[in-house]
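To start, the structure under review is shown below, and the notes come after it.
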Amino acid sequence: MSERAAGNFPADEPTANASGSEVDEVLPNPARIYDYGLGGSRNFAGDREAFHKLLEVDPDARTVVRSNRAFLRRAVRSCLERGIGQFLDLGSGVPTVGNVHEAAREMNPGAHVVYVDDEPVAAAHTRRLLADQPNAGIVEEDLRAPDAVLGAAETRRLLDFSQPVALVMASVLHWVGDDVGQLLARYREALVPGSALVISHLTDEDLHEQMRQVEAIFDETSAPVTYRRRSRAAELFAGFDIVDPGVVYCSEWRAEPHESLAEPERTKIWAAVGVKR
Ligand SMILES: C[S@@+](CC[C@H](N)C(=O)[O-])C[C@H]1O[C@@H](n2cnc3c(N)ncnc32)[C@H](O)[C@@H]1O
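Quick look at the structure:
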């Protein structure tokens, strides 16, 4: 029996994406693999199997996703401390505990958040979660279509681009293999000085062999992975000044003592925050 038929999913869970193609429940998908890794319930058997394969080659796989998520919360707080109260979260994922609007609301109840994800299960779950949240919305769109994202009704309703906005790309650019430089340039030109760019990104630089095996697992999913090393950060942050502590493993980025790992490279994800000049 399928998981939908077994009633494991809400009846209104989408069976098709925004362009009308059917949701593929068999092919593992990074949004749902990540959701499972974080302990969420919006995933199918194939997604869970893929995560267990990841655990076999990388016993730290749960630490990887949790460390990234913890970085995201700290980065959001740092943007709020700078007085930025608007967030455009590209590749926002299936909402779990500690989403950007929740982290933001703790410090600024008036913060505005637009989530963007092209995975229909993630988008539907976000929509449901935000039903009673006037200051947050979801755009179901491919982030590689910046004009569609920036021009979407929810983006225009919730974000004022004449004021600083934090552009968040947490654990998503490694699913984008295209010319990310041009893509980032298009988003950058929509932002005023004082806006922020938050990036966390998978890398293979310290654990080369293990990451080849991780890559092979993602080759069997809907989205192969593209690693980018810390040395590429300057290029991704063109036009932004990277703030302290610079480009570090995500568990090291302004970590609170209980969060730091003995060996930060085990998170396999570097992170940085920049402020637009
Ligand atoms: C690993 S999750 C990260 C979720 C969240 N940003 C976080 O850091 O906790 C990556 C998300 O990016 C989304 N994604 C990947 N490629 C995308 C694209 N081209 N357009 C929109 N979303 C994308 C996936 O669907 C997935 O939900």
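Residues in the sequence shown are numbered from 1 upward in steps of one, following the UniProt record's numbering. Ideal placement from N, C-alpha and C gives every residue a C-beta, glycine not left out. Keep in mind the model is a prediction, meaning the values are calculated, not measured.
Through-space distance from residue j to residue i, alpha-carbon basis
i           : j    : result
N108        : Q86  : 10 Å
A153        : D206 : 42 Å
residue 287 : W270 : In the structure as shown, the chain starts at 1 and stops at 277, and residue 287 therefore has no counterpart that could be examined.
A50         : S162 : 43 Å
Q182        : A234 : 14 Å
S251        : S171 : 13 Å
L38         : A123 : 17 Å
D219        : M169 : 22 Å
A111        : E209 : 42 Å
P164        : L197 : 11 Å
L88         : D160 : 11 Å
H258        : A70  : 11 Å
L143        : P134 : 23 Å
residue 282 : R74  : No answer is possible for residue 282: the residues shown for the chain start at 1 and end at 277.
Y34         : R62  : 9 Å
G246        : V273 : 8 Å
D58         : E263 : 14 Å
A136        : G93  : 15 Å
W253        : I217 : 28 Å
A131        : E102 : 14 Å
T221        : E215 : 10 Å
Closest residue to residue i among the options (Cα-Cα distance)
i           : options                   : result
D60         : R277, A271, E265 and V275 : E265
V275        : D241, T267 and H258       : D241
R77         : E56, V100 and G91         : V100
V176        : E209, A148, A223 and A185 : A223
residue 293 : A216, Y249, E102 and V214 : The first residue shown for the chain is 1 and the last is 277, placing residue 293 beyond what the model contains.
A190        : H174, A216, A255 and L167 : L167
A145        : V180, N29 and H174        : V180
A31         : R74, L173 and R73         : L173
V23         : E119, V57, E102 and A131  : E119
P193        : R82, V247 and E102        : R82
D178        : Q133, T226 and A216       : T226
A238        : T221, Y187, D244 and A216 : Y187
I84         : D58, R254 and V113        : V113
L184        : L236, I217, R228 and E215 : L236
V121        : A216, R254, P28 and D132  : P28
Residue burial classification, residue i (beta-carbon count within 10 angstroms, cutoff 16)
i    : result
R156 : exposed
S195 : buried
G200 : As written in the sequence, residue 200 is Ser, which differs from the Gly given in the question. Its Cβ being crowded by 16 or more others within 10 Å, S200 is buried.
L55  : exposed
G91  : buried
S67  : buried
H52  : exposed
R277 : exposed
V26  : exposed
E256 : exposed
G151 : exposed
E141 : buried
A45  : exposed
M1   : With a pLDDT of 49 at M1, under the threshold of 50, the modelled position of that residue is not reliable, and the figure given next carries that caveat. When all chains shown are included, M1 counts as exposed.
R228 : buried
D117 : buried
Cβ shell of residue i (< 6 Å), same chain only, five flanking positions each side left out
i    : result
T126 : P95, Y115 and I138
L261 : S251
L129 : P95
L72  : A170
G7   : For G7, the pLDDT reaches just 45, beneath the cut-off of 50, and the residue's location in the model is therefore unreliable, leaving the point undetermined.
L158 : H112, V114 and G137
Close beta carbons around residue i, own chain, < 7 Å, minus the five adjacent residues each side
i    : result
K268 : V64, L202, T203, L207 and M211
D244 : none
Close-in-space but distant-in-sequence residues of the same chain around residue i (CB under 8 Å, 5 per side omitted)
i   : result
Y36 : N43, D47, R48 and F51
G80 : Rather than Gly, the amino acid found at residue 80 in this sequence is Leu. If we look at L80 and ignore the five residues flanking it on each side, its Cβ neighbours are A104, M107, N108 and A111.
G40 : V94 and T96
Report task. Within the segment 201 to 236, note down every full alpha helix (DSSP H) run reaching 4 residues or more, in order along the chain. Result -> 208 to 219 and 233 to 236
Query raised in the report: What residue ranges within the segment 41 to 81 form continuous alpha helix (DSSP H) runs of no fewer than 4 residues, ordered along the chain?
Result: 45 to 57 and 61 to 81
Requested in this report: Mind listing, in chain order, the continuous alpha helix (DSSP H) runs of no fewer than 4 residues lying wholly within the segment 109 to 140?
Outcome: 120 to 129
Query raised in the report: Which runs of the beta strand (DSSP E) spanning at least 3 residues fall entirely within the segment 140 to 200, listed in chain order?
Result: 166 to 170
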